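Here the sequence shown stands for residues 7 to 175, numbered as in the numbering used here.
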Amino acid sequence: MNSETNGIEKLLTMIRDIKFTMLTTVASDGTIHSRPMGTLKTDPENFEGGLWFFSRKNSLKNDELKSDQHVNLVYTDPDKKRYVSVCGWASISEDKKKMKELWMNELKSWFPEGLNDPEISLISVRPESAEIWDAPPGKLIQLLRFVKSTVTGKPIHQKNESEHIQLGH
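Take a look at the structure:
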(Lines of atoms letter the chains of each structure in order from A and count residues from 1; the text may use other names and numbers.)
(Lines give C-alpha, C1' and ligand atoms only; values in the text may rest on other atoms or scores of the structure.)
Protein backbone atom coordinates (compact mmCIF):
# COMPACT_ATOMS: atom_id res chain seq x y z
CA MET A 1 0.00 0.00 0.00
CA ASN A 2 1.49 3.36 -1.00
CA SER A 3 1.43 6.59 1.00
CA GLU A 4 -1.32 8.11 -1.19
CA THR A 5 -3.58 5.10 -0.45
CA ASN A 6 -2.81 5.38 3.28
CA GLY A 7 -3.58 9.11 3.11
CA ILE A 8 -6.93 8.51 1.38
CA GLU A 9 -7.84 5.87 3.97
CA LYS A 10 -7.01 8.24 6.82
CA LEU A 11 -8.94 11.09 5.20
CA LEU A 12 -12.03 8.96 4.58
CA THR A 13 -11.89 7.49 8.08
CA MET A 14 -11.73 11.00 9.54
CA ILE A 15 -14.74 12.30 7.58
CA ARG A 16 -16.86 9.12 7.37
CA ASP A 17 -19.24 10.06 10.21
CA ILE A 18 -19.38 13.78 9.46
CA LYS A 19 -22.61 14.39 7.55
CA PHE A 20 -21.94 17.90 6.29
CA THR A 21 -19.02 19.84 4.90
CA MET A 22 -18.53 23.43 3.84
CA LEU A 23 -17.77 23.52 0.12
CA THR A 24 -15.81 26.60 -0.90
CA THR A 25 -15.61 27.73 -4.52
CA VAL A 26 -14.00 30.72 -6.23
CA ALA A 27 -16.03 33.06 -8.44
CA SER A 28 -14.65 34.50 -11.68
CA ASP A 29 -14.06 37.85 -9.91
CA GLY A 30 -11.98 36.10 -7.22
CA THR A 31 -14.56 36.22 -4.44
CA ILE A 32 -14.88 33.11 -2.31
CA HIS A 33 -18.21 31.43 -1.49
CA SER A 34 -18.87 28.63 1.01
CA ARG A 35 -21.99 26.61 1.60
CA PRO A 36 -22.94 23.44 3.51
CA MET A 37 -23.16 20.25 1.49
CA GLY A 38 -23.93 16.65 2.38
CA THR A 39 -21.09 14.30 1.42
CA LEU A 40 -22.09 11.03 -0.22
CA LYS A 41 -20.14 7.76 -0.22
CA THR A 42 -16.97 7.98 1.86
CA ASP A 43 -16.18 4.27 2.16
CA PRO A 44 -12.37 3.79 2.15
CA GLU A 45 -12.66 0.26 0.76
CA ASN A 46 -14.72 1.32 -2.26
CA PHE A 47 -13.29 4.77 -2.90
CA GLU A 48 -13.36 5.68 -6.58
CA GLY A 49 -11.31 8.86 -6.36
CA GLY A 50 -14.00 11.44 -5.67
CA LEU A 51 -16.14 12.85 -2.89
CA TRP A 52 -19.66 13.25 -4.25
CA PHE A 53 -22.41 15.86 -3.80
CA PHE A 54 -25.77 16.48 -5.47
CA SER A 55 -26.25 19.98 -6.85
CA ARG A 56 -28.65 21.95 -9.01
CA LYS A 57 -27.41 22.59 -12.54
CA ASN A 58 -28.28 26.30 -12.38
CA SER A 59 -26.69 26.88 -8.95
CA LEU A 60 -24.05 29.50 -8.21
CA LYS A 61 -21.56 26.78 -7.20
CA ASN A 62 -21.97 24.97 -10.53
CA ASP A 63 -21.47 28.26 -12.40
CA GLU A 64 -18.33 28.99 -10.38
CA LEU A 65 -16.96 25.48 -11.01
CA LYS A 66 -17.23 26.05 -14.76
CA SER A 67 -14.62 28.82 -14.51
CA ASP A 68 -12.47 27.57 -11.59
CA GLN A 69 -12.40 23.94 -10.47
CA HIS A 70 -10.32 24.59 -7.32
CA VAL A 71 -12.34 23.86 -4.19
CA ASN A 72 -11.90 23.44 -0.48
CA LEU A 73 -13.97 21.21 1.80
CA VAL A 74 -14.02 21.72 5.56
CA TYR A 75 -15.26 18.96 7.85
CA THR A 76 -15.64 19.43 11.60
CA ASP A 77 -16.69 17.13 14.42
CA PRO A 78 -16.09 19.08 17.65
CA ASP A 79 -17.36 16.22 19.84
CA LYS A 80 -14.64 13.90 18.52
CA LYS A 81 -12.18 16.77 18.06
CA ARG A 82 -11.75 16.11 14.34
CA TYR A 83 -11.08 18.92 11.91
CA VAL A 84 -10.25 18.36 8.25
CA SER A 85 -9.59 20.75 5.39
CA VAL A 86 -9.45 19.18 1.92
CA CYS A 87 -8.11 20.92 -1.20
CA GLY A 88 -9.09 19.43 -4.52
CA TRP A 89 -10.47 19.71 -8.02
CA ALA A 90 -14.19 19.59 -8.71
CA SER A 91 -16.07 18.47 -11.78
CA ILE A 92 -19.77 18.48 -12.64
CA SER A 93 -21.42 15.28 -13.82
CA GLU A 94 -24.84 14.30 -15.12
CA ASP A 95 -24.09 10.56 -14.92
CA LYS A 96 -27.53 9.03 -14.21
CA LYS A 97 -26.01 5.68 -13.21
CA LYS A 98 -23.87 7.37 -10.53
CA MET A 99 -26.85 9.45 -9.38
CA LYS A 100 -28.91 6.29 -8.94
CA GLU A 101 -26.09 4.69 -6.94
CA LEU A 102 -25.84 7.71 -4.59
CA TRP A 103 -29.52 8.66 -4.35
CA MET A 104 -31.24 8.88 -0.95
CA ASN A 105 -34.92 9.75 -0.42
CA GLU A 106 -33.93 12.69 1.83
CA LEU A 107 -32.70 14.44 -1.33
CA LYS A 108 -36.30 14.89 -2.54
CA SER A 109 -36.41 18.07 -0.44
CA TRP A 110 -33.98 19.60 -2.96
CA PHE A 111 -34.98 17.55 -6.00
CA PRO A 112 -38.77 16.97 -5.79
CA GLU A 113 -38.84 14.97 -9.02
CA GLY A 114 -36.11 12.66 -7.73
CA LEU A 115 -33.67 11.37 -10.31
CA ASN A 116 -35.94 12.72 -13.07
CA ASP A 117 -35.50 16.30 -11.85
CA PRO A 118 -34.24 18.28 -14.87
CA GLU A 119 -31.98 20.41 -12.62
CA ILE A 120 -30.14 17.53 -10.93
CA SER A 121 -26.38 17.19 -11.27
CA LEU A 122 -23.46 15.79 -9.31
CA ILE A 123 -20.26 17.40 -8.16
CA SER A 124 -17.23 15.17 -7.72
CA VAL A 125 -14.27 16.49 -5.75
CA ARG A 126 -10.97 14.73 -6.32
CA PRO A 127 -8.86 15.42 -3.21
CA GLU A 128 -5.31 16.65 -3.82
CA SER A 129 -4.23 17.34 -0.25
CA ALA A 130 -5.67 17.55 3.26
CA GLU A 131 -4.84 19.13 6.59
CA ILE A 132 -6.00 17.04 9.52
CA TRP A 133 -6.28 18.02 13.17
CA ASP A 134 -7.15 14.89 15.12
CA ALA A 135 -7.74 14.03 18.80
CA PRO A 136 -5.95 16.78 20.68
CA PRO A 137 -5.13 15.99 24.30
CA GLY A 138 -8.00 15.40 26.70
CA LYS A 139 -9.55 18.27 28.64
CA LEU A 140 -7.55 17.49 31.78
CA ILE A 141 -4.25 17.68 29.84
CA GLN A 142 -5.39 20.92 28.19
CA LEU A 143 -6.30 22.37 31.59
CA LEU A 144 -2.91 21.40 33.04
CA ARG A 145 -1.12 23.01 30.07
CA PHE A 146 -3.19 26.16 30.54
CA VAL A 147 -2.39 26.32 34.26
CA LYS A 148 1.32 25.71 33.58
CA SER A 149 1.33 28.44 30.93
CA THR A 150 -0.40 30.87 33.29
CA VAL A 151 2.01 30.15 36.14
CA THR A 152 5.22 30.17 34.06
CA GLY A 153 4.18 32.92 31.63
CA LYS A 154 5.28 30.70 28.71
CA PRO A 155 2.90 30.01 25.79
CA ILE A 156 1.31 26.60 25.27
CA HIS A 157 3.08 24.67 22.51
CA GLN A 158 1.27 21.93 20.65
CA LYS A 159 3.54 19.27 19.19
CA ASN A 160 1.59 18.42 16.03
CA GLU A 161 -0.88 21.13 15.23
CA SER A 162 -1.89 19.44 12.00
CA GLU A 163 -0.94 16.65 9.68
CA HIS A 164 -0.59 17.44 5.99
CA ILE A 165 -1.48 14.62 3.61
CA GLN A 166 -0.59 14.88 -0.07
CA LEU A 167 -3.19 12.86 -1.97
CA GLY A 168 -2.90 13.75 -5.65
CA HIS A 169 -0.17 14.14 -8.21
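Where is the CB? At the ideal position from N, CA and C, for every residue including glycine.
Fair warning: this is a prediction, and the values are worked out from it, not measured in the lab.
Distance, residue j Cα to residue i Cα
i    : j    : result
R132 : H76  : 10 Å
K25  : L46  : 8 Å
G13  : E134 : 10 Å
K104 : S127 : 10 Å
DSSP state of residue i mapped onto helix, strand, coil
i    : result
L173 : coil
G55  : coil
K37  : The amino acid occupying residue 37 in the given sequence is Thr; Lys does not appear at that position. Coil.
Cβ neighbour criterion (16 or more within 10 Å) applied to residue i
i    : result
R22  : exposed
A136 : buried
T158 : exposed
S73  : exposed
L121 : exposed
T19  : exposed
Residue i - partner residues in DSSP beta bridges
i   : result
G44 : F26
S61 : S127
* Which runs of the beta strand (DSSP E) fall wholly inside the stretch 67–139 and span at least 3 residues, in chain order? -> Scanning the stretch 67–139 from its first residue to its last, the whole beta strand (DSSP E) runs of 3-plus residues come out as 76–83 and 88–99.
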